[in-house]
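K.L.:
Have a look at this one.
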Amino acid sequence: MRLATWNVNSIGARLPRFLPWLEEMSPDVVAVQETKTASFPVIPGYEVAHAGDGRWNGVAILSRIGLTDVDLVHEGHPETRLVSAQCGPIHVTSAYVPNGRSLDDPHYPYKLEWLAELRRRLDRFSGAQPLVLMGDFNVARTDDDVWDIKAFRDSTHVTPAERQAMDELIDWGLVDVVPRPGKGDRPFTYWDYRAGMFHKDLGMRIDYVLATPAVVVKDAWVDRPTRKGTGPSDHAPVIVDVEVGP
DNA sequence: ATGTCATCTTAGAGATGA
């Protein structure tokens, strides 16, 4: 079974890349972030659960192995940043964690509270069930998950509080499925559009696949080629091949 | 280390966000 997560930075703008990518990779389940639309396009072969209200945010789950128990509500947070559903044997969540903007911006405590609510939400599930929480977390878990930690002094994405919030998700009973890098020795998943950052491989690992141990990972990698070429997203997909025991 | 990209407003460049 193949799972993928991809922040597409507008599904409308990305459709010319998204459809051929679906054909090529043939994932069974896709978690999409930053759809930036109120209405997700119809995708032949897939059922879609989408939470989107227009200009910003927006998350979706595409599945060709069943899509039930759809939940679009993240308690206390009206923005469309979370959708979950049962996809065949696996409970899947697509998350788009708030950016935080800067340490003195109200968006930063909002980000921390949003992550805390996500952690509380896990308590409705069992750590023994097959469950995958994936998406754009806007946190680099270690200093090696950014191209140069010195460039992140007094920045969001790397603070102890953000990293602790990620650790608390994982300590609930999830495994951080680290993908094979697309280039070099660090599995970056995001590169700013500006300043030739992608070309210089000055990236960040901020997209994650977090899975319970009941989800047996066979392979995981950053689909770096999809960040290349004409009209890419600023994020690369992460693709994970898994099996779920009987 | 901000050089791009996407969206919306409301008609064409600016604001916003990432």
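Residue numbering for the first sequence follows our numbering, beginning at 11 and increasing consecutively.
Yeah, the Cβ is synthetic: ideal placement off N, Cα and C, and Gly gets one too.
This one's a predicted model, so the numbers in the text were calculated from it and none came from an experiment.
Under three-state DSSP, which class holds I180?
P.N.:
Three-state DSSP puts I180 in a helix.
K.L.:
Excluding the five sequence neighbours on either side, which residues of its own chain have a C-beta within less than 7 angstroms of the C-beta of F208, listed in chain order?
P.N.:
Around F208: W201 and R237.
K.L.:
Using a threshold of 8 angstroms, state whether the C-beta atoms of V254 and V225 are closer than that.
P.N.:
It is a contact, given that the beta carbons lie within the stated cut-off.
K.L.:
Rounded to whole angstroms, what is the Cα-Cα separation between R173 and G213?
P.N.:
Between R173 and G213, the C-alpha separation is close to 18 angstroms.
K.L.:
For D115 and E123, what's the separation of their Cα atoms in angstroms?
P.N.:
Distance between the alpha carbons of D115 and E123: 14 angstroms.
K.L.:
Taking the Cβ atom as the reference point for each residue, do W66 and R129 lie within a distance shorter than 8 angstroms?
P.N.:
Contact: no.
K.L.:
For F301, which residues in the same chain have their Cβ closer than 7 angstroms to its Cβ, ignoring the five residues on either side in sequence?
P.N.:
With the chain covering 11 to 256 only, the question about residue 301 has no answer from this structure.
K.L.:
When you compare the CB positions of G68 and E44, do they come within less than 8 angstroms of one another, or not?
P.N.:
For G68 and E44, yes; Cβs fall inside 8 angstroms.
K.L.:
Does the distance from the C-beta atom of A221 to that of R234 stay below 8 angstroms?
P.N.:
No, they are not a contact pair.
K.L.:
I need the DSSP call for Y281, collapsed to helix, strand or coil.
P.N.:
Nothing can be reported for residue 281: it is not among the residues displayed for the chain, which extend from 11 to 256.
K.L.:
By DSSP, does R91 sit in helix, in strand, or in coil?
P.N.:
Reduced to three states, the DSSP call for R91 is coil.
K.L.:
Give the straight-line distance between the Cα atoms of T78 and G98, rounded to the nearest whole angstrom.
P.N.:
The straight-line gap from Cα to Cα measures roughly 8 angstroms.
K.L.:
In the DSSP assignment, find the unbroken beta strand (DSSP E) run with E57 in it and report its ends.
P.N.:
Its beta strand (DSSP E) spans residues E57 to A61.
K.L.:
Please confirm whether R215 and T199 have their CB atoms less than 8 angstroms apart.
P.N.:
For R215 and T199, yes; Cβs fall inside 8 angstroms.
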